[in-house]
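Numbering (the numbering used here), first residue to last: 1 to 364.
Single-structure report; data block below.
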């Protein structure tokens with residue numbers, strides 16, 4: 001999740017917004033994991049589950065929630081494995097919380113890393129803005145090498161993906177550590193296919209220190225796109241695109257099923273899955289953000305609004321509010337849903353391919 005603590009707290013306090021802070025939210029992440037599960041062979045699934053059985057939070061965040069969702073009756077090994085895949089994809093968000101599950105404070109303190117969920121590349125409304133704020137037009141460090149110490153400002157999603165992919169293929173890494181790495185792989189790969197986790201907008205005199213991946217832009221009325229979305233924050237809208245009222249395994253499978261009839265959708269995903277370099281995925285997400293998240297219509301309206309001051313705390317440029325006409329809003333939502341559809345399937349197929357590569361590397 002690309003939620004930044006300071007601005008998130010401010011928004012929640014001042015506007016009373018929704019507090020569901022999951023990137024892609026549960027629905028999107030779980031859909032990606034289930035697609036990957038269905039692309040793997042029985043042997044490949046067994047390798048993943050062999051690692052997950054050693055997960056250090058298995059009791060608190062897997063076995064307990066599994067029974068809560070599926071009941072105490074008999075659960076088939078296939079259903080259990082598929083559920084574990086889905087749960088692994090949201091584990092990195094679940095551990096953000098310091099309450100609500102057993103040993104939550106200790107688990108949060110040991111495993112939570114907010115910066116690992118995203119890597120921002122700059123977007124500018126035009127070339128003039130790029131030149132004026134050229135100090136931001138520099139990509140962050142992304143390369144990870146074995147033994148590399150985490151810098152003071154933390155790793156980003158590119159560092160994290162590089163590390164966990166390497167360690168999943170390393171026979172010397174313990175099954176316990178690999179189980180945690182699997183959760184970060186599932187989650188960060190999914191995050192990198194949500195365009196708001198790949199970019200942030202910089203606007204002179206309005207968003208000079210960036211919009212935090214859409215967290216500082218409010219598009220009034222966009223929450224009508226999803227009944228579960230009760231805030232008009234742009235980032236929340238993109239996160240919510242695959243969420244429903246319920247996001248259990250049954251609902252996720254039902255949501256994926258209609259996609260299977262679109263052969264062209266899967267052909268594009270299969271072709272894209274041959275690209276397994278996370279930095280390429282990041283560039284793809286950045287390009288989608290520049291074209292669709294920060295669409296020409298949105299940027300045009302943004303040019304006419306002024307920063308909203310928040311009383312009592314924060315900077316005077318914390319939030320920008322804008323509105324779109326009904327037709328423009330409908331087109332924006334339609335485009336976002338189309339993009340999310342392709343990104344979810346592509347991410348699922350890519351996750352399966354990366355898992356295959358990790359399995360092969362572990363057997364060398």
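Positions of the beta carbon are idealized from the N, C-alpha and C atoms, including for glycine.
Being a predicted model, the structure only gives us computed values, none of them experimental.
- Judged by beta-carbon spacing, residue 93 lies within the 9 Å limit of residue 26, meaning their Cβ atoms are closer than that value.
- Of the residues 259, 57, 214 and 218, the one whose Cα lies closest to the Cα of residue 305 is 218.
- Its Cα nearest to that of residue 272, the residue 350 stands out among 237, 229, 295 and 350.
- Residue 77 and residue 254 have their C-alpha atoms spaced approximately 20 Å apart.
- Unbroken beta strand (DSSP E) stretches of 3 residues or longer found wholly inside the region 78 to 141: 121 to 123, given in chain order.
- Assignment of residue 217 by DSSP, reduced to helix, strand and coil, places it in the strand class.
- Shown here, residue 152 sits in coil according to DSSP, grouped into three states, outside any helix or strand.
- Within 10 angstroms of the beta-carbon of residue 145 lie fewer than 16 other beta-carbons, which makes it exposed.
- Rounded to the nearest angstrom, the Cβ distance from residue 323 to residue 221 is 7 Å, consistent with a contact under 8 Å.
- Membership of residue 267 in any beta strand (DSSP E) is not indicated; the residue belongs instead to the alpha helix (DSSP H) covering 263 to 272.
- A contact is defined here as three or more CB-CB pairs under 8 Å, and the region 285 to 297 fails this definition with respect to the region 356 to 363.
- CA-to-CA, the gap between residue 125 and residue 338 works out to about 23 Å.
- Under DSSP, residue 233 shares a beta bridge with 218.
- Judged by DSSP in its simplified three-state form, residue 173 adopts coil rather than helix or strand.
- In the three-state DSSP reduction, residue 168 falls in the helix class (H, G or I).
- It is roughly 37 Å from the alpha-carbon of residue 135 to the alpha-carbon of residue 270.
- A straight line joining the alpha-carbon of residue 357 with that of residue 159 spans about 18 Å.
- Inter-residue distance for residue 151 and residue 267 is about 40 Å (C-alpha atoms, whole angstroms).
- Note that the C-beta distance between residue 36 and residue 352 is below 9 Å.
- The continuous beta strand (DSSP E) containing residue 199 extends over residues 199 to 201.
- The beta carbons of residue 182 and residue 52 sit about 7 Å from each other, so the pair counts as a contact at 8 Å.
- For residue 322, the enclosing beta strand (DSSP E) stretches over residues 320 to 322.
- With respect to residue 120, residue 198 sits close: the two C-beta atoms are nearer than 9 Å.
- Collapsing the DSSP output to three states places residue 341 in a helix.
- In this structure, residue 161 and residue 278 form a Cβ contact; the two beta carbons are roughly 4 Å apart against a cut-off of 8 Å.
- The alpha-carbon separation between residue 354 and residue 341 amounts to approximately 20 Å.
- Separation of the CB atoms of residue 70 and residue 91 is rounded to 17 Å, and the pair is thereby denied contact status at 8 Å.
- For residue 37, the enclosing alpha helix (DSSP H) covers residues 25 to 39.
- At a Cβ-Cβ threshold of 9 Å, residue 200 and residue 210 count as neighbours.
- Taken through DSSP and simplified to helix, strand or coil, residue 308 comes out as strand.
- Under the DSSP assignment, residue 50 falls in the alpha helix (DSSP H) whose first and last residues are 42 to 52.
- Note on geometry: alpha-carbon atoms of residue 164 and residue 174 lie some 12 Å from one another.
- Contact check for residue 303 and residue 202: beta-carbon distance about 14 Å, past the 8 Å limit, so the pair fails to qualify.
- In the DSSP assignment, residue 207 is bridged to 203.
- Taking the Cα positions, residue 107 is about 12 Å away from residue 100.
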